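The next block holds one structure in the form of structure tokens; read it before the comments.
Protein chains in written order, with the numbering used here: chain A, 1 to 113; chain B, 1 to 110.
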């Protein structure tokens, strides 16, 4: 099992550019999440999904969009990149409801300049 | 509101000693708590969890203690090894989402 796979690992964007962070999991987990981690800070929930076709906002959803067309994939879209979106992004999945025992990907380090 | 904090941002311990990482939480209604370990350049990795109906839970070399009276959570690592060097996060399950603390960096020196 690969677990949770994120691509790319690093990316530099210019202000106003758009990009999609990819996330896929092969554990057949229903629940998937996107977090951002700013330096010296804890993880903040951006969006989450309880199953294919269902998504919901987390604590910091502004500037992001998600979709969940399959159980395996949960891409995160930045439409107009801003410097405030410079962060490390982690995708996670869980078998259990309510964010319990999350399995995290290795992260995408994004810089917006 | 909900918040999770840590008493010490950095903890330095000698190899072989026991480590204790502390965490305070504010929501007395939280019923589930987790500790994660994050090594440099990697995603957080689940270590151990505990439910609010328990005071203590043990894993391999790790023990989590929960004191609901003072809303305090701790992670004890026995015989700390260089591979334990990482940032450790506690998280509490609030209404329906996890709230993460800012993390404690554990440094292990020979």
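Even for Gly, the Cβ is constructed at its ideal location relative to N, Cα and C.
Note that the structure is predicted; figures quoted are calculated from it, not measured.
Within a 10 Å sphere around the beta-carbon of residue 49 of chain A sit 16 or more other beta-carbons, which makes this residue buried.
In this structure residue 6 of chain A is in contact with residue 108 of chain A, their Cβ atoms being roughly 5 Å apart against a cut-off of 8 Å. The segment 97 to 106 of chain B makes contact with the segment 41 to 60 of chain A; the number of CB pairs closer than 8 Å reaches 3 or more. The closest CA to that of residue 97 of chain B, considering only B/77, B/84, B/15, B/29, is found on B/29.
For a Cβ distance threshold of 8 Å, residue set 100, 101 of chain A lies close to residue 49 of chain B, ordered along the chain.
Only residues of its own chain outside the window of five on either side were considered, and among them 111 have a CB closer than 6 Å to the CB of residue 12 of chain A, listed in chain order. Within 9 Å of the CB of residue 102 of chain B, the CB atoms of chain A belong to 40, 41, 42, in sequence order along the chain. Sequence-ordered contacts of the segment 69 to 100 of chain B with chain A read 89, 93, 96, 97, 98, 100 [C-beta pairs closer than 7 Å]. Within chain A, no residue has its CB atom less than 9 Å from the CB of residue 59 of chain B, the nearest being about 13 Å off. Per the coordinates, the alpha-carbon of residue 66 of chain B lies some 20 Å from the alpha-carbon of residue 87 of chain B. Using a Cβ-Cβ cut-off of 8 Å, residue 10 of chain A is close to nothing in chain B; its nearest Cβ partner there is about 11 Å away. Distances from the CA of residue 22 of chain A to each of A/96, A/94, A/68 were compared; the closest alpha carbon is that of A/68. Taking residue 54 of chain A as the centre and dropping the five residues before and after it, the same chain places the C-beta of 68 closer than 7 Å to its C-beta, in chain order. For the segment 36 to 72 of chain A, the continuous beta strand (DSSP E) assignments of 3+ residues that do not extend past its boundaries occur at 43 to 51, 54 to 57, 64 to 66, in sequence order. Taking 8 Å as the CB threshold, residue 109 of chain B stays off the interface with chain A. Rounded to whole angstroms, residue 59 of chain B and residue 48 of chain B show a C-alpha spacing of 7 Å. Bridge pairing for residue 92 of chain B: B/33, B/99 [DSSP]. Within chain B, no C-beta atom comes less than 9 Å from the C-beta of residue 51 of chain A; the nearest is roughly 15 Å away.
Counting only residues of its own chain and dropping the five nearest sequence neighbours on each side, residue 55 of chain B has a CB closer than 6 Å to the CB of 66. Contact annotation, residue 76 of chain A with residue 46 of chain A: C-beta distance approximately 7 Å; criterion of less than 8 Å satisfied. DSSP places residue 19 of chain A inside the beta strand (DSSP E), whose first and last residues are 19 to 25. Contact check for residue 78 of chain A against residue 19 of chain A passes: the beta carbons are separated by less than 8 Å.
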